[in-house]
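Visitor: In order, the protein sequences belong to chains V and Y.
To convert, note that position 118 of the first sequence is 119 in my numbering; the numbers rise steadily by one, no gaps.
To convert, note that position 106 of the second sequence is 150 in my numbering; the numbers rise steadily by one, no gaps.
Cβ coordinates follow ideal geometry from the N, Cα and C atoms, glycine included.
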Amino acid sequence: MYKLTHAQYFTALKENRLEGLKCCECEAITVPPKATCQECGSPSLEVTTLSGEGAIRTFTVIRVAPEGLEAPYIVVLAELKEGPWLMGNLEGIEPSAATMDLIGRPVKLGHRVVTGMRYTAGEGVVPLFSLAD
Amino acid sequence: MREVAVLGVGMTKFGPTDLSIKELFAQAALEAIRESNLTSRDVQALFVGNVLGDFAEGQMNLAGFLADEIGLPPRIPATRVEGACATASIAFREAFMWVASGFYDIVLVGGVEKVSSMGTPLATRAFAMATDSHYEEFCGLTFPGVFAMLTHLYANKYGISLPTLKEQMARVAVKNHHNGAMNPLAQFQAEISMEKVLNSFMVCDPLQLYDCCPFSDGAAAVVLASREIAQARVAKPVKVLGVGQGSAGALSRQKDFTVMQSRVASARQAYKMAGIEARDIDLCELHDCFTIAEIVASECLGFFEFGQGSAAVEKGSTRIGGKIPINPSGGLKSKGHPIGATGCAQVYEIVKQLRGECGKRQVDGAKIGMTDTLGGDAGTVVNLILGV
Ligand SMILES: [Zn+2]
């Protein structure tokens, strides 16, 4: 039943390709993948490749990290061109330079592989955004 | 559905302690049973909340051990529930429904948490497990991080400069510490100044140390029963007027989470069931895990228009004696936040306030009180309305 599992999504992301799901009922885009449309709940979905382009809607600099990660680093929520929001990290700017001016800035997608965290079911692949302007 | 009332409540002092999960829970539970003029043998079921016992003490399957600790016999079902920081409120709502349905007459509900022995890196990691394991945890998202992003979103959406918003947020911390200073069970019983808040170290831009609630140990418990039993047993039963609960997925799916849909839905259920509106609430214990969290909650619950909550703090509307006193107990910020116990600790404060037993922090003439408990990044929200 799964059109796109988390493992398939991670594999594509490792090639800087952002795979999402398009709803056959309402046409909304769901990303990261799940079993049902994130807007209407329909299970009728098909895989679609997204642009990986968007704009920062909010961000933070994490200065106290969980066990297994090293602070500081930037977490962002970006609104993609295709509509959905996507969480990732931001590279290419110093944490000290991360101010409110980041909001609205265009970003493009890369990726980061995360290993070495305890209590996970294998590695993770994270959208790693960089500023596109 | 029949009417349900709170007979008695119990709570430990919050803050670091050498007591174990079982010992903390027993202290609160036995106090609640005693206050209800009952014994352990009168309890027909136990619903208990705990989040991190697996990591803190290597203890799973907790409910049976807790039932045994307080002397419940083998025929009594004991159930642990977990919903991050909303855990104990979920347990309360479950217990309420079992009594309301008539299946049980007397149910004990409680919550307990013990994190002080975990250390900050592991505790931060374990708390972050309440975010999405595949799409948020690997980004290194932490709970201060969730609310730091919320702060930036709020400032940008409503056109409030970050320094102005930060000052309004600091007033939340100052108010809640002021209230907590009058609460003998609070973790921090000391006033703090605006300067202290605004000069504390940066945890997660723009949240500083005093924007954040502490890691806490503690337990709280409540006895629920049918109204008839409550009236026969205690002088001042407190009625459960309404309950609500909502759910949500990862933050990216919620998009603009300055309006938390799971919370708006939960509050709506509770108001509808109670047959009242936000303006009928005399006081509210809400989920101020971070200073911005109190502001956003006060809007989602309908006390203020969206975008007006931060200015309302500045006006003093949320102080004891203000339009809607928020967190007279000191809230999570000053009272402390043992995550599995918080929901029942909020009920504890509301019950004591409605009985008029809160001394210097008493909200005069309080007849209807509300709780609000947020689990994870709004994945679970519970609201409870109590009245006399
Ligand atoms: Zn759809």
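1. Ordered along the chain, which non-local residues of its own chain (more than five positions away) have a Cβ less than 6 Å from that of Cys402(Y)?
2. So, Phe436(Y) versus Cys388(Y), is the Cβ gap smaller than 8 Å?
3. What number of angstroms, rounded off, separates the C-alpha of Gly262(Y) from the C-alpha of Phe232(Y)?
4. Do the segment 55-72 of chain V and the segment 25-37 of chain V touch if we need at least three Cβ pairs shorter than 8 Å?
5. Of all the options Gln9(V), Glu47(V), Ala8(V) and Arg119(V), which has the alpha carbon lying nearest to the alpha carbon of Cys24(V)?
6. Under 8 Å Cβ to Cβ from Glu95(V), same chain only, skipping five residues before and after it: list those, please.
7. Could you give the residue range of the beta strand (DSSP E) that holds Gly154(Y)?
8. Tell me whether Ser43(V), by its Cβ, gets closer than 7 Å to a heavy atom of ligand 1.
9. Residues of the segment 417-432 of chain Y in Cβ contact with chain V at a cutoff of 7 Å, in chain order, please.
10. Below 8 Å between beta carbons is the criterion; list the residues of the segment 41-71 of chain V that meet it against any residue of chain Y, in chain order.
11. Does DSSP put Asn223(Y) in a helix, in a strand, or in coil?
12. Pick out the complete beta strand (DSSP E) segments inside the segment 187-266 of chain Y, 3 residues or longer, and give them in chain order.
13. Along the beta strand (DSSP E) that carries Lys66(Y), what are the first and last residues, could you check?
14. Given Ile370(Y), which residues of its chain have a CB within under 7 Å of its CB, disregarding the five upstream and five downstream residues?
15. Would you please verify whether the beta carbon of Gly89(V) is less than 8 Å from any beta carbon of chain Y?
16. Grouping DSSP H, G and I as helix and E and B as strand, with all else coil, what is Cys129(Y)?
17. Considering only C-alpha positions, which residue in the set Leu229(Y), Ala170(Y) and Leu63(Y) is nearest to Gln390(Y)?
18. From what residue to what residue does the beta strand (DSSP E) around Met55(Y) run?
19. Taking the DSSP output, what are the residues bridged to Val425(Y)?
20. Using a beta-carbon distance cut-off of less than 9 Å, what residues from the segment 168-184 of chain Y approach chain B?
21. Let me know if Cys129(Y) comes out buried or exposed under the rule of 16 or more other beta-carbons within 10 Å of its beta-carbon.
22. Thinking C-alpha only, which one of Thr424(Y), Pro121(Y) and Leu96(Y) is nearest Leu152(Y)?
23. Using a Cβ-based criterion (distance less than 7 Å to any ligand heavy atom), does Ala36(V) qualify as near ligand 1?
24. Using a Cβ-based criterion (distance less than 7 Å to any ligand heavy atom), does Leu5(V) qualify as near ligand 3?
25. For Ile120(Y), does the three-state DSSP call read helix, strand or coil?
26. Starting from Ser378(Y) and walking both ways along the beta strand (DSSP E), at which residues does that stretch end?
27. What residue from Val241(Y), Glu358(Y) and Gly420(Y) has the CA that sits closest to Val190(Y)'s CA?
28. Could you tell me if Gln298(Y) is buried or exposed, where buried requires 16 or more neighbouring beta carbons within 10 angstroms of its beta carbon?
29. Label Arg85(Y) either buried or exposed according to how many other C-beta atoms from any shown protein chain fall within 10 Å of its C-beta, with 16 as the threshold for buried.
30. Rounding to the nearest angstrom, what Cα-Cα distance links Cys27(V) and Cys41(V) in this structure?
31. Per the contact definition of three or more C-beta pairs closer than 8 Å, is the segment 50-60 of chain Y in contact with the segment 251-261 of chain Y?
32. So what's Ala79(V) in DSSP terms, helix, strand or just coil?
33. Val50(Y) and Val426(Y) - do their beta-carbons sit closer together than 8 Å?
34. Using only the heavy atoms of ligand 1, determine whether one of them is closer than 7 Å to the beta carbon of Glu40(V).
35. Could you check how far apart the C-beta atoms of Met88(V) and Tyr179(Y) are, in whole angstroms? I think they sit under 8 Å.
36. Just checking, does the segment 214-224 of chain Y make contact with the segment 120-133 of chain V on the three C-beta pairs under 8 Å criterion?
Guide: Judging by the given coordinates:
1. The residues are Lys396.
2. Residue 436(Y) is absent from the structure shown; chain Y starts at 45 and stops at 432.
3. So the alpha carbons of these two residues sit roughly 13 Å apart.
4. The segment 55-72 of chain V makes no contact with the segment 25-37 of chain V; the number of CB pairs closer than 8 Å stays below 3.
5. If we check each option's Cα against that of Cys24(V), Glu47(V) comes out closest.
6. Apart from sequence neighbours up to five positions away, no residue of its chain approaches Glu95(V) with a beta-carbon distance below 8 Å.
7. Start and end: Ile150 to Glu157.
8. Checking the Cβ of Ser43(V) against ligand 1 gives yes.
9. With the criterion set as a beta carbon lying under 7 Å from some beta carbon of chain V, the segment 417-432 of chain Y has no members that meet it.
10. If the cut-off is 8 Å between Cβ atoms, the segment 41-71 of chain V has Arg58, Thr59, Phe60, Thr61, Val62, Ile63, Arg64, Val65, Ala66, Pro67, Glu68, Gly69 and Leu70 near chain Y.
11. Of the three classes helix, strand and coil, the one that applies to Asn223(Y) here is helix, per DSSP.
12. List check, beta strand (DSSP E) in window: 246-248.
13. First-last for Lys66(Y): Ile65 to Glu79, but that is the alpha helix (DSSP H), not the beta strand (DSSP E).
14. Counting only Cβ-Cβ distances below 7 Å, and skipping sequence neighbours, we find Cys328, Leu330, Glu338, Ser342 and Thr362.
15. Between Gly89(V) and chain Y, the shortest Cβ-Cβ separation is below 8 Å.
16. Residue state, collapsed to three classes: strand.
17. Here the closest residue by C-alpha is Leu229(Y).
18. Here the beta strand (DSSP E) through Met55(Y) covers Val48 to Met55.
19. Answer is Gly290(Y) and Leu418(Y).
20. This model lacks chain B altogether; the protein chains it does include are V and Y.
21. Buried.
22. Distances from the alpha-carbon of Leu152(Y) to those of Thr424(Y), Pro121(Y) and Leu96(Y) put Pro121(Y) closest.
23. Ala36(V) Cβ: outside cutoff for every heavy atom of ligand 1.
24. No copy of ligand 3 occurs in the structure displayed; its ligands are ligand 1 alone.
25. Per DSSP, reduced to three states, the secondary structure at Ile120(Y) is coil, with no helix or strand assignment.
26. The continuous stretches of beta strand (DSSP E) do not include Ser378(Y), which lies in the alpha helix (DSSP H) extending over residues Gly375 to Lys379.
27. Of the candidates Val241(Y), Glu358(Y) and Gly420(Y), Gly420(Y) places its Cα closest to the Cα of Val190(Y).
28. Gln298(Y) counts as buried, since at least 16 other C-beta atoms from the protein chains shown sit within 10 angstroms of its C-beta.
29. In the assembly as shown, Arg85(Y) is an exposed residue. Its beta-carbon has fewer than 16 other beta-carbons within 10 Å.
30. Rounded to the nearest angstrom, the two C-alpha atoms are 7 Å apart.
31. Yes: the two stretches touch, three or more of their Cβ pairs being nearer than 8 Å.
32. Collapsing the DSSP output to three states places Ala79(V) in a strand.
33. It is not a contact, given that the beta carbons lie outside the stated cut-off.
34. Glu40(V): yes, Cβ under 7 Å from ligand 1.
35. Between Met88(V) and Tyr179(Y) the beta-carbon gap is near 6 Å, inside 8 Å, which marks them as a contact.
36. No contact exists between the segment 214-224 of chain Y and the segment 120-133 of chain V.
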